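Numbering (this note's numbering), first residue to last: 4 to 167.
A virtual CB, placed ideally from N, CA and C, is assigned to each residue, including glycine.
Predicted model, so just to flag it, every value in this text is computed and none were measured.
Heads up, the thing below is written out as structure tokens.
The following block contains the structure:
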């Protein structure tokens, strides 16, 4: 019984990796990529997971408005790969507030350096539009005040049709 209690505690704290049906995982409420095209990096990930399995778990949180579903915090491409391969996705489930969600999502993408500069700019703009503070946006993108200020001027100076 003590072991079951420890396992339940670990699961509640998001310390346990579980397998989830990728059809139960919805995208983040703040998209961080301009395109979900299947580029070379996506195909490399697909082949790596096909051959070796999924090395790194994704982070999800219980969906805030759809019981029994999850919302991806990071690992959207791994979800798509798992779905395409017809296998479950390895995930850490953690209860997060919206602010913690966007900070974790932004920091993961900053660490992986796999978003373009303009995708980071648009992510910052979306967070600002949703009412997140500059401090939260800075933390999510791991940038200082000046860099964020410069980033936020870009969508105002360049027409959306060019950015898209």
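Contacting residues, own chain, Cβ-Cβ under 8 Å from residue 22 (five flanking each side not counted): In the chain shown, residue 22 corresponds to position 19, counting from 1. So the list reads 91, 92, 93 and 94, once near-sequence residues are dropped.
How is the alpha helix (DSSP H) around residue 135 delimited, first residue to last? Within the chain shown, the letter at position 132 stands for residue 135. Careful: residue 135 lies outside any alpha helix (DSSP H) and carries neither H nor E.
Leaving out the 5 sequence neighbours to the left and right, which residues in its chain are closer than 7 Å to residue 131 when beta-carbon positions are compared? Within the chain shown, residue 131 is the residue found at index 128, counting from 1. 140 and 155, listed in sequence order.
Alpha carbon to alpha carbon, what distance is there between residue 33 and residue 125? Counting from 1 along the chain shown, the entry for residue 125 is found at position 122. Counting from 1 along the chain shown, the entry for residue 33 is found at position 30. Whole-angstrom Cα-Cα distance: 10 Å.
Helix, strand or coil at residue 44 [DSSP, three-state]: Stepping through the chain shown from its first residue, residue 44 is reached at position 41. Residue 44 falls in the helix class under three-state DSSP.
Using alpha carbons as the reference points, say which of 20, 135, 96 and 26 lies closest to residue 89. Against the chain shown, residue 89 aligns to sequence position 86. When each option's Cα is compared against that of residue 89, the closest is 26.
The beta strand (DSSP E) that contains residue 80, what's its start and end? By one-based count along the chain shown, residue 80 stands at place 77. Per DSSP, residue 80 belongs to no beta strand (DSSP E); it is in the alpha helix (DSSP H), 79-88.
Does the Cβ of residue 78 have 16 or more other Cβ atoms within 10 Å, making it buried, or fewer, making it exposed? Counted from its first residue, the chain shown places residue 78 at position 75. Burial call: buried.
How many whole angstroms separate the CB atoms of residue 107 and residue 62, which I take to be in contact at a CB cut-off of 8 Å? Here residue 107 corresponds to residue number 104 of the chain shown, with the count starting at 1. Here residue 62 corresponds to residue number 59 of the chain shown, with the count starting at 1. Yes, they are in contact, since the Cβ atoms of residue 107 and residue 62 sit about 6 Å apart, within 8 Å.
The beta strand (DSSP E) with residue 94 in it runs from where to where? Reading the chain shown from its first residue, position 91 is the one you call residue 94. Its beta strand (DSSP E) spans residues 92-96.
Residues in the same chain with beta-carbon distance under 8 Å from residue 29, minus the five sequence neighbours each way, listed in chain order, please. Along the chain shown, one-based indexing puts residue 29 at 26. Contacts found: 66, 69, 72, 73, 74 and 75.
Mind checking residue 53: buried by the 16 CB within 10 Å criterion, or exposed? Working through the chain shown from its first residue, we reach residue 53 at position 50. That one is exposed.
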